[in-house]
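Here's the structure we're looking at; comments come further down.
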Amino acid sequence: MKNWFFSRLRVVIGIVVLVVLTSVASVAWKRMTANTKPVLTAVHETKKPAVKALKKRAEPVLVLPENAWVDSTLQSLSLDEKIGQLFMVATYSNRDDSHYKYIDRLVNEFHIGGLIFFQGGPVGQAQLTNRYQAQSKIPLFIGIDGEWGLGMRLDSTLSYPKQMVLGSIQDDQLIYKMGSDIARQCTRLGIQINFAPVSDINSNSANPVIGIRSFGEDRDNVTRKAIAYMKGLQHNKVIATAKHFPGHGDTDADSHFTLPVLTHSAEQIHETDLYPYRAMIADSLMGVLSGHLNIPALDSTPNQASSLSEKVINGLLRKDLGFRGLVFTDAMNMKGVLKTGKAADVNLKAIVAGNDVLLYPESIAETVAKIKDAIKDRLISEKIIDDKVKRILQAKYWSGLSQYKPVDVNNLYNDLNPESSKELYRALCEASVTVVKNDNNLLPVGSVIDNNMASVSLGDGSGVAFQKMLSTYKPMRSYAFYEGPSSQEQISEMLTYLQRYNTVIVDIHGIASNPKRNYGITQGMTDFVSQLKQQNKKVILCLFGSPYSIQFFPETDVLICANQDGKDQQEIVPQIIFGAMSSQGKLPVSVSSFKSGTGVTTTTINRIAFGTPESVGMNGNWLKKIDEVATAAVNDRVFPGCEILVARGGKIIYDKQFGGLNYRTPERVTSETIYDLASVTKVSATLQAIMLLYDRKQIDLDAKASTYLPELVGTNKQNFTIRDLLMHRSGLISFYPPLWDRTKTSAGGLLPEYYSSKSDTAYYLQVAPKLFAKPALRDSVWKWVIESPMNNRKDRAGNYGFLYSDLGFLTLQKVVERVTGEPLNVFVASNIYEPLGLGYLGFNPLSRFPYKQIAPTENDYRFRGQLLQGTVHDQMAAIMGGVSGHAGLFGTARDLAILFQMNLWKGNYAGKRYFEQATVPFFSRVYDESHHRGLGWDKAPLDGNSSYVSPQASVNSFGHTGFTGTMVWMDPQEDLLFIFLSNRVNPDPDNSSITTQRTRRKIQDIVYSSLLERKSQLP
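Sequence positions in the sequence shown follow the working numbering and run 1 to 1019.
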């Protein structure tokens, strides 16, 4: 009975064991088959960089494909050739021939498997790559340590923002695009491996080696961005390499110089440091770089570098995390690993530990001998070497090296630096700027700009672009401490200057990335901001560098962290301050009282911004043709110099200056060069005032001008209307030379009853730099206008036909002044220019600016007998004291851009409405097709036959030109703004080449063609 019972029991136990084993085998088979997907499938199954919720133990994927080329190549290799595949040697493209011959020797004698390029240039690297590849039996892996792009190592190439800057960005798709573009550049240069991204969580703010190379301290943010970067690379056939495994983020030593110790518990390492690596491995990560770290919780061997630890590489990485891709060591010449032994010994330890590739190894010959001895002594099997080489060959096959083609050096520079890359860089910068604090919603600074505002730049003197951009939105007094402040005396003196200002913008530059010496923040900087705040000023603090620098400053009303310093960041921050763009960034780390993830999203208030052509659907490469036309025009003496500005969608995307102020001296045109706008005055001043009065119902366009100017009653000018004046059909003659001829002697000199070479209480109307007139001359001019004859151009009905007339707009000036009770210049300044923040646009610029900032016009030997620089070129406007309805306005391209963007936006700008929405369209529509005129505005000819307007301009476009060689043109159909400023009348007003050569039209043609070219590239 007992035997029967035990016999039955054995049967039951056997069945149970069989069921369990079957179940286990089934699970194992499912996992094994699930893990055999090649990376080509895994990587390309999705191009979305977003990361799904991560399981604590996510399943890895097989990232290296099987292939007959791999097997046959492996079988063809000798032991020496197989061992050679394990080396990836450092090389340079800026060394001498002895270095290049040394690499030749390594390729030929030791059969090395790859090269990692460091400093040099792209063309030199391409040529050397071709040289070395031609000598190698098996195509070499070419790698680069390009965490922020090729520019990290090579000249003449682009550097993208550092990873902590990217950590502030909320749109991970931008990180993916960056990874894709870096991969495109790598592929073009024959590179298959980028040793990026840094996947460490920088939880130690004093970390001397990771810091800004990390995406930040939040593990989820780091993971999302590391995967986005990885996918961007690998979707475009470049191997990504996560580093520095198992995590270098919480160390206070640099492994380049010593062996850092990570004291985290095993639980903390698994929950924090390994989190990004686990997620990336579960996705499609192809490469891991092992860091030289001592981590007792993972391997208690004294002074053991984790890169040499079997427990860490073969155990944790390979077995526990299931990584099946390539494992690279960190550079084997670093002191963090060499301090543990001789080069050949540590190289062997790294191979035994589980690494596949020795990066930057020393003592290659000795290492080869060591590995062969180890195989002979059975310390390591040749099969393990075969497995490593097979993984390397699989990765080479995936990278396309089985069908290697030499790098084509033709057009290499342009291919590596397209406009699209610059656009992406700009987008990354814009998305990363972080408004950390914004008390009382001080930002954006609104439509009524605080006139009591100043800026102070502290640091290495690099805040020029920042202050220049501030002045685009609000001309303000700017100060600078280029190397300080270094003493309390300097601080006190600056505070004295700032007493009158309510709001002070402080920008800090020269911020270091290393925590040593407080990231470059001096005590003087901290003291200045503290004392400024103590004076109850509103302080807007802008830090152009590491967010860790925040800890050294007191809290201010507004705190902006740009994360990095550069021209782009310095141009972006002012746009955020004034509401031309919004802030989107979040802090990537915790600092002071601000937690990681802190950030205020500010709003925009319809101000003109700055961007790239591609960001508004235009082709930047095509726009470069403008440079050729403008340069040729300067060389052909069409004009001494010019400025050309193009904006679309409210963004200035092209603003360049060419040539000089004249043909004799070297002064170059800048964005602050002030030009005599000539007849552009008509639409920039007089017409703006007329539209404003029309909106206010203070004038009636169909009322007679004599209604407002009773002195016209009873004259030959009593019947024309305001509309007639705007459409140049009032009957007024176009030009009236006798007006200033009456002030000359019969011999051509100037009558002393009108003029003096010196300014005093009797003569103070400046008509030339060294010529002044009595103010009564203005009244005489108006009297002479009233007495002037009418033209004889009448139609059959007896109505006056079109005749372009300066006198008409001089008359409109009088209407404005009579209705408002203010001079034209005062009215437009107080109602339009000042609210818009236009600091350069105005009449009589010599009262506000040095003459050297103003482009000279005619050398006037006919009337004033001197070079005109700072006084209006037009003679009639000059004897009016420089203020006239038809001429006299001076300005810069950027001020005009703001004014006419407001017009293009139908009178709305920065949250303030200047005109009713229908007003500008009403005035700018076609009223006279035969003469292409609106109400005050010039229109494009319907037949496209114009010397200055492109035939591609829409029928809805409008603008005006000026005699001195100026032009503004708006096209609401394309949301396009074009501004051209020159002084073509210098020194001779008879120079008509700008018209005969159709220079402005040629340039505008390019602008429209760039738009069409961009459209043709869109899917």
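Cβ coordinates follow ideal geometry from the N, Cα and C atoms, glycine included.
For residue j and residue i, believed in contact at Cβ under 8 angstroms, the rounded distance
i, j, result
"residue 245", "residue 335", "Not really, about 19 angstroms apart at Cβ, beyond 8 angstroms."
"residue 858", "residue 846", "Not a contact, Cβ separation roughly 16 angstroms."
"residue 313", "residue 229", "With a Cβ gap of about 23 angstroms, residue 313 and residue 229 do not count as contacting."
"residue 675", "residue 891", "7 angstroms"
"residue 529", "residue 556", "7 angstroms"
"residue 596", "residue 216", "6 angstroms"
"residue 671", "residue 657", "6 angstroms"
"residue 456", "residue 480", "7 angstroms"
"residue 548", "residue 515", "7 angstroms"
"residue 433", "residue 600", "That pair is no contact at about 11 angstroms."
With 16 other Cβ atoms within 10 Å as the buried cut-off, status of residue i
i, result
"residue 665", "exposed"
"residue 536", "exposed"
"residue 200", "buried"
"residue 71", "exposed"
"residue 713", "exposed"
"residue 324", "buried"
"residue 379", "exposed"
"residue 377", "exposed"
"residue 850", "exposed"
"residue 261", "exposed"
"residue 41", "Only weak support exists for where residue 41 lies, its pLDDT of 30 falling under 50; the value from the coordinates is given anyway. Exposed, by the Cβ-count rule."
"residue 56", "Summary for residue 56: the model assigns pLDDT 44, below 50, so the residue's position carries little reliability; its value from the coordinates is reported in the next sentence. Exposed, because fewer than 16 other Cβ atoms sit within 10 Å of the Cβ of residue 56."
"residue 752", "exposed"
"residue 789", "exposed"
"residue 878", "buried"
"residue 278", "buried"
"residue 221", "buried"
"residue 219", "buried"
"residue 961", "buried"
"residue 197", "buried"
DSSP bridge partner residues for residue i (one or two, in chain order)
i, result
"residue 1021", "For residue 1021 there is no data in the structure shown, the boundaries of the chain being 1 and 1019."
"residue 790", "732"
"residue 707", "Residue 707 is not bridged to any residue."
"residue 519", "DSSP, once it has assigned bridges, lists no residue as partnering residue 519."
"residue 647", "652 and 977"
"residue 908", "913"
"residue 691", "DSSP, once it has assigned bridges, lists no residue as partnering residue 691."
"residue 117", "91 and 144"
"residue 587", "In the DSSP output, where bridge partners are listed per residue, residue 587 has none listed."
"residue 123", "Paired residues: none, contrary to the question."
"residue 659", "641"
"residue 559", "437 and 541"
"residue 773", "755 and 765"
Nearest residue (CA-CA) to residue i, options the options
i, options, result
"residue 347", "358, 119 and 301", "358"
"residue 580", "902, 152 and 151", "902"
"residue 194", "211, 228, 214 and 149", "149"
"residue 309", "527, 290 and 320", "290"
"residue 240", "208, 187 and 870", "187"
"residue 138", "494, 670, 287 and 402", "402"
"residue 259", "231, 295 and 506", "295"
"residue 374", "266, 322 and 79", "79"
"residue 888", "406, 811, 678 and 690", "678"
"residue 805", "940, 733, 703 and 854", "733"
"residue 905", "971, 660 and 236", "971"
"residue 162", "749, 428 and 834", "428"
"residue 615", "576, 468, 420 and 1009", "420"
Contact with chain C by residue i, beta-carbon distance below 8 angstroms
i, result
"residue 959", "No chain C is present in this structure, which holds just one protein chain."
**Report entry** Runs of beta strand (DSSP E) lying entirely within the region 745-771, each at least 3 residues, in chain order
**Finding:** Those beta strand (DSSP E) runs which fall completely within the region 745-771 and span 3+ residues are 765-768.
Query - beta strand (DSSP E) segments (min. 3 residues) lying fully within the region 291-348 - result: Whole beta strand (DSSP E) segments, 3+ residues: 326-329.
Query raised in the report: Of all the alpha helix (DSSP H) runs that stay within the bounds of the region 146-198, which reach a length of 4 or more residues?
Result: List check, alpha helix (DSSP H) in window: 163-166 and 172-188.
Query raised in the report: Which full runs of the alpha helix (DSSP H) of 4+ residues lie inside the region 213-265, going along the chain?
Result: Here the runs fully enclosed are 219-234.
**Report entry** Length-filtered (3 minimum) beta strand (DSSP E) runs lying within the region 914-986
**Finding:** Segments of the beta strand (DSSP E) lying fully in the region 914-986: 958-962, 966-971 and 976-982.
Query - Inside the region 421-493 only - beta strand (DSSP E) runs reaching at least 3 residues - result: 434-438, 453-458 and 477-481, all fully within the region 421-493.
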